[in-house]
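Notes follow the structure.
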Amino acid sequence: MQMERLQIDQETFIQALGGEEAAATMSASAKADALDDFMIGALNDPGYPEMVARARNGGPPTLRRGTGAIFGDGQRQPIDLVPLPPAPTLLDYFRLRLPLPFLRHLLQSAGMALESGVEEELVLACLLHDFGQNLARVDHGWWGAQMIEPYVSERVAFAVRYHQALRFYADEAAGYHYPELYVQIFGEGYIPEPYIAATYEQVRKHPWYMAARMVTVNDLYAFDPNKSVSLDPFVDIIGRHFRQPPEGLGFDGSPIAHMWRSLSFPDHPL
Ligand SMILES: [Fe+2]
Ligand SMILES: [Fe+2]
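In this note's numbering, the protein residues as written are 6 to 275.
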């Protein structure tokens, strides 16, 4: 198939930047960003298919609800980021990339698991269970499991992946009740999507069902703002059950390294 090349009219582009003088004061990267916008704007030409025209339809900037927390919520200023060290560890990502409410949620869930005598490996699963929400809220169990898969046992990845589906199904015997919060968010009598229901049916027959269930049992729906925020109780557990790559997360050439890099550099435009 022959692709038609998009013609950029330099004169029109300079005018769009506010004229020669304004263009001269812009940094190279600001110009590159403006060129991106200009080219995408050009694609809005009525001659192009409707789907492309709809990609930019004006209105206030906003975000899809499934966007990861690192990218902001579309309303408040995203958290300030400091660069990660050259070979970033899991602890670096916890300390420097997790918004505080997430950090509290994960620490308190893992803390509860630790206190109730859950085995170490599953304490780690509790500590990591919503980490994926930082990258994408939608299907966060799957995203989160994929990110950690090369570095943890298969069972830990399983627990993280499937807590997402299990949380919609009570297991009173295991101590998991349907969360009141979900009645508020999803409404009374909410029926999960068919793929979630199918996943639940699969997982509940799996020998590792209880691993994923333990994550939901220790998943807290309210955090205590007075509890201290400290990773200290988990440093050794991470050391024993998370295989930190020496090159750093994001730089070890693994097929999922880009997911960590996206957390590392969430402001890179392309
Ligand atoms: Fe979750
Ligand atoms: Fe959670």
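For each residue, glycine too, the CB sits at the ideal point set by N, CA and C.
| query | result |
| --- | --- |
| Closest Cα partner of G116 within the set A92, H134, E198 and P91 | H134 |
| Reduced DSSP category for D176 - H, G, I as helix; E, B as strand; rest coil | strand |
| Reference R102; option with closest CA among Q113, V87 and R166 | V87 |
| Separation of Q169 from R59, as counted between CA atoms | Caution applies to R59, whose pLDDT of 47 falls short of 50 and renders its modelled position unreliable; the model cannot decide the point. |
| H134: CB within 7 Å of a non-hydrogen atom of ligand 1 | yes |
| Pick from A262, D272 and E25 that is closest to Q151, judged by C-alpha positions | A262 |
| Alpha-carbon spacing of F191 relative to Y226, whole angstroms | 15 Å |
| Three-state secondary structure assigned by DSSP to T17 | helix |
| Same chain, Cβ closer than 8 Å to S212, five either side skipped, listed in chain order | This sequence places Pro at residue 212; Ser is not what is there. None. |
| Closer than 7 Å: D224 CB and nearest ligand 1 heavy atom | yes |
| Proximity test, Q169 beta-carbon vs ligand 1 heavy atom, cut-off 7 Å | yes |
| Beta-carbon proximity check, Y181 vs Q249, cutoff 8 Å | no |
| Separation of V128 from A216, as counted between CA atoms | 10 Å |
| Backbone CA spacing between H110 and F136 [nearest angstrom] | 10 Å |
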